[in-house]
Amino acid sequence: MPGIYGGVSSIILKQYSKAIYIYCVAHCLDLVVHDLTDQCASIGNCILYVKDIIDFIRRSPKRLIILKEIFYQILLSYTNLTALCPTRRTMHAESYGSLLKIYEQGKEIFAYIKKDAVSFS
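When we follow my numbering, the leftmost residue of the sequence shown carries the number 1, and every step to the right adds one.
Here you go:
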């Protein structure tokens, strides 16, 4: 956020007066992280695995209903899963965070689907 009065750049400039604001640095960092994940197979595979889990749940209204019911049964407020966009690395933290918030409930969804596999095929 480049705001000169209350944005991130003004906060950074207060602490580091020699800092130079460059608009596309975030995009450059995003590209660097993308290149690193392409070079390290285990990180790339992990990202694809997380994406597959999120997509598996989000692409089925029935699975989303099960997720909401599990949250309702244990008296938690429902937390939506954030899609993982493979080209926007800056959104990964939000996606990972949303998956971590529902981790235990996510395991219950897969157990329920496994038990009732006939109706999900």
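Glycine included, every Cβ here is placed at the ideal spot set by N, Cα and C. The structure displayed is predicted, hence computed values, not measured ones.
| query | result |
| --- | --- |
| Secondary structure of SER10, DSSP reduced to three states | helix |
| Local conformation of CYS85 per DSSP, three classes | coil |
| Integer Cβ distance of ILE54 from SER95, believed to fall under 8 angstroms | 6 angstroms |
| Given 8 angstroms, three or more beta-carbon pairs between the segment 103–113 and the segment 51–68 | yes |
| Stretch pair the segment 102–111 + the segment 66–74: three plus CB contacts closer than 8 angstroms | yes |
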